[in-house]
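From first to last, the protein sequence lines are chains B and C.
Those letters in the first sequence? Residues 1 to 253, per our numbering, in order.
Those letters in the second sequence? Residues 254 to 506, per our numbering, in order.
Protein chains: 2
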Amino acid sequence: MANRPYILISNDDGVAARGINYLIEVLRPVADLLVVAPDSPRSGAGCSITTSLPLTCRELRREQGLAVFSCSGTPVDCVKVALNEYIERQPDLVVGGINHGDNSSVNSHYSGTMGVVTEAALQGYPSVAFSLCDHSPEADFTPLQPYIIDLVFKAIAVGLPPFTCLNVNFPKLSRFEGVRICRMSRSRWERETQRCPHPYGGDHFWLTGECRELEPEASDTDRWALAHGYVAVTPTQLDVTATGLVDILKSVL
Amino acid sequence: MANRPYILISNDDGVAARGINYLIEVLRPVADLLVVAPDSPRSGAGCSITTSLPLTCRELRREQGLAVFSCSGTPVDCVKVALNEYIERQPDLVVGGINHGDNSSVNSHYSGTMGVVTEAALQGYPSVAFSLCDHSPEADFTPLQPYIIDLVFKAIAVGLPPFTCLNVNFPKLSRFEGVRICRMSRSRWERETQRCPHPYGGDHFWLTGECRELEPEASDTDRWALAHGYVAVTPTQLDVTATGLVDILKSVL
Numbered sequence: 001m002a003n004r005p006y007i008l009i010s011n012d013d014g015v016a017a018r019g020i021n022y023l024i025e026v027l028r029p030v031a032d033l034l035v036v037a038p039d040s041p042r043s044g045a046g047c048s049i050t051t052s053l054p055l056t057c058r059e060l061r062r063e064q065g066l067a068v069f070s071c072s073g074t075p076v077d078c079v080k081v082a083l084n085e086y087i088e089r090q091p092d093l094v095v096g097g098i099n100h101g102d103n104s105s106v107n108s109h110y111s112g113t114m115g116v117v118t119e120a121a122l123q124g125y126p127s128v129a130f131s132l133c134d135h136s137p138e139a140d141f142t143p144l145q146p147y148i149i150d151l152v153f154k155a156i157a158v159g160l161p162p163f164t165c166l167n168v169n170f171p172k173l174s175r176f177e178g179v180r181i182c183r184m185s186r187s188r189w190e191r192e193t194q195r196c197p198h199p200y201g202g203d204h205f206w207l208t209g210e211c212r213e214l215e216p217e218a219s220d221t222d223r224w225a226l227a228h229g230y231v232a233v234t235p236t237q238l239d240v241t242a243t244g245l246v247d248i249l250k251s252v253l
Numbered sequence: 254m255a256n257r258p259y260i261l262i263s264n265d266d267g268v269a270a271r272g273i274n275y276l277i278e279v280l281r282p283v284a285d286l287l288v289v290a291p292d293s294p295r296s297g298a299g300c301s302i303t304t305s306l307p308l309t310c311r312e313l314r315r316e317q318g319l320a321v322f323s324c325s326g327t328p329v330d331c332v333k334v335a336l337n338e339y340i341e342r343q344p345d346l347v348v349g350g351i352n353h354g355d356n357s358s359v360n361s362h363y364s365g366t367m368g369v370v371t372e373a374a375l376q377g378y379p380s381v382a383f384s385l386c387d388h389s390p391e392a393d394f395t396p397l398q399p400y401i402i403d404l405v406f407k408a409i410a411v412g413l414p415p416f417t418c419l420n421v422n423f424p425k426l427s428r429f430e431g432v433r434i435c436r437m438s439r440s441r442w443e444r445e446t447q448r449c450p451h452p453y454g455g456d457h458f459w460l461t462g463e464c465r466e467l468e469p470e471a472s473d474t475d476r477w478a479l480a481h482g483y484v485a486v487t488p489t490q491l492d493v494t495a496t497g498l499v500d501i502l503k504s505v506l
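Spelled out as structure tokens, the structure:
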């Protein structure tokens, strides 16, 4: 088994979510897997880390070619613990997901699934995030299977440049038009708070909102691809320098 | 007072931190301020949002030209609540900080202070994050004062392109060599977990670690600027598409 790929998996919906367990099922026949995932849902965790509490981790399963741990921390914490404490050899790939919900466009900033692959890429590992645009806990992940296998093996074989990762989003469909390589679209969340009555009064709000696309006609974006039935693959970089602004600011500041 | 700038302020160290209160003190004579900040420290919150609990907010101060609220959520939550519930007019600028600690290089991904300005820029507002490379709660912020005033007024006067913000880091010094416009350096956190004994056993870890610079000789980075006594201004973009990878992947996938 020494030549089987070794893949680290985490997510933000928690170790019990259907998405991560479907991913384990799909990849287990073809790779050795280490799973370290949050012990409860952590949607919207972004790249957050836990600095004020210790992280509690538990081994849930250990079988030939599969070890599963839960962790009390965030998705990024899970990757840090996995890489520092639990890996048995250097992973060939780190996979985040499969997320229950859309991580395209600006959502990637809030996404714990993207937190997983951002952290992995910061540590020098090729990494791919998978998300299905369906928040339902009972979402049907089976149409994704051949695309996941294809992208995982290509990512392992070809690798990715340092400080980059892939953000892959699937529309909620039973079949797809194909794969499109995209850029992140510009969109904006609006009407994001809803007052929540409290028996003793005071200001209490639920976060909610609608995501408005700012460039719906642009056919090179992830949101366009999803709206037209394609699997959206958005190559993502961790160097967030606004390179074009550097020289402009030198003349202003 | 109608022509005074209107500035929204938040942070990740919490509304009681010395850094944000120094920022209020510095900006209050020259601008009307709305402060909505976490009710407790939220270091390492990144761009995380709170989706599983309502946010509880309280007005702590209201005086001529100053309103201060605490919020039970993350730094990004604070900005969302402020913009949806508490602004009295459109802010001219959103400021994050002053953070107690270094948010340069890869730290920007984990930073709640960068979460503040990322969220503001996603909503279309010019925004600037200030951080001092000194974690002490008693850190001395006074050397920063003229630089903050200068950068705040330039950002208001000149504005920033859509989907960008500024990440400003100050070295821990009593005076600075000047301002450098930088790119984000590549660095890597190492040895990030420390086992934490527990009376009943099991796996418990504190996050810790050391940040190793991967390109210490490059003189155009934020970490180089800080190491050489300069104020590091890193223009930051919210479009994280790895543009150079789009065409390459089109030929592979």
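Each residue gets a CB set at the ideal place from its N, CA and C atoms; glycine is no exception.
- Per DSSP, the unbroken beta strand (DSSP E) holding B/Glu190 starts and ends at Ser187 to Glu190.
- Scanning chain B for C-beta atoms nearer than 9 Å to the C-beta of C/Pro452 yields nothing, as the closest lies near 13 Å away.
- Between C/Val405 and C/Leu280, the C-beta spacing is below 8 Å.
- In terms of beta-carbon proximity, C/Gly455 lines the interface with chain B, with at least one pair separated by less than 8 Å.
- Residue pairing for B/Trp206: DSSP places it in a beta bridge opposite B/Gln194.
- Beta-bridge analysis with DSSP links B/Cys57 to B/Cys71 and C/Asp456.
- Residues of the same chain with a CB within less than 8 Å of the CB of C/Gln376, apart from the 5 flanking positions on each side, are Val332 and Leu336 in chain order.
- Rounded to whole angstroms, B/Arg18 and B/Ala139 show a C-alpha spacing of 8 Å.
- By the Cβ criterion, the stretch 307-322 of chain C is in contact with the stretch 201-221 of chain B, since at least three pairs of Cβ atoms, one from each stretch, lie closer than 8 Å.
- Between B/Thr142 and B/Ser131 a beta carbon distance of about 16 Å is seen, past the 8 Å cut, so the two are scored as non-contacting.
- By the Cβ rule, the stretch 5-22 of chain B counts as touching the stretch 63-75 of chain B, because three or more pairs are nearer than 8 Å.
- Taken through DSSP and simplified to helix, strand or coil, C/Arg271 comes out as helix.
- Per DSSP, the unbroken beta strand (DSSP E) holding B/Tyr6 starts and ends at Tyr6 to Ser10.
- By the rule that beta-carbons nearer than 8 Å mark a contact, C/Arg465 does not touch chain B.
- Taking C-beta atoms under 8 Å as the contact rule, B/Val94 and B/Ser127 qualify, at a distance of about 4 Å.
- Taking a cut-off of 8 Å for Cβ pairs, the stretch 208-221 of chain B and the stretch 173-193 of chain B touch, as three or more such pairs fall below it.
- Runs of the beta strand (DSSP E) spanning 3 or more residues and lying entirely within the stretch 311-388 of chain C occur at 319-324, 346-353 and 380-385, in chain order.
- Legend: CB atoms of the stretch 299-310 of chain C lying less than 8 Å from CB atoms of chain B belong to residues Gly299, Cys300, Ser301, Ile302, Thr303, Thr304, Ser305, Pro307, Leu308, Thr309 and Cys310.
- B/His228 sits exposed, since fewer than 16 C-beta atoms from the chains shown fall within 10 Å of its C-beta.
- In the structure shown, B/Thr50 falls within a coil segment according to DSSP collapsed to helix, strand and coil.
- Among the CB atoms of chain B, one or more fall inside 8 Å of the CB of C/Tyr363.
- A direct Cα-Cα distance of roughly 23 Å separates B/Val68 from B/Gly44.
- C/Tyr363 sits away from C/Arg433, with the two beta carbons spaced by 8 Å or more.
- Against C/Pro414, the close residues of chain B are Ala242, Gly244, Leu245 and Ile248, in the order they occur along the chain (beta-carbon pairs closer than 9 Å).
- In this structure, C/Ile351 lies away from C/Ile402, with their beta-carbon atoms at least 8 Å apart.
- About 16 Å separates the Cβ atoms of C/Pro488 and B/Leu238, ruling out a contact at the 8 Å cut-off.
- For C/Ile434, the chain B residues whose Cβ falls inside 7 Å of its Cβ are Val246, Leu249, Lys250 and Leu253, in order along the chain.
- Using a CB distance cut-off of 8 Å, B/Gly44 counts as an interface residue toward chain C.
- Scanning chain C for C-beta atoms nearer than 7 Å to the C-beta of B/Lys154 yields Val505 and Leu506, reported in chain order.
- A Cβ-Cβ contact shorter than 8 Å links B/Thr221 with B/Arg183.
- Distance from the CA of B/Pro162 to the CA of B/Gln64, rounded to the nearest whole angstrom, comes to 31 Å.
- Between C/Ser504 and C/Trp477, the C-beta spacing is not below 8 Å.
- Residue-level contact by beta carbon holds for C/Thr446 and chain B, with a gap shorter than 8 Å.
- Between C/Gln490 and chain B, the shortest Cβ-Cβ separation is below 8 Å.
- Annotation: B/Pro38 to B/Ala120 spans about 16 Å, alpha carbon to alpha carbon.
- In the DSSP annotation of this structure, the continuous segment of the beta strand (DSSP E) that includes C/Pro291 starts and ends at Asp285 to Pro291.
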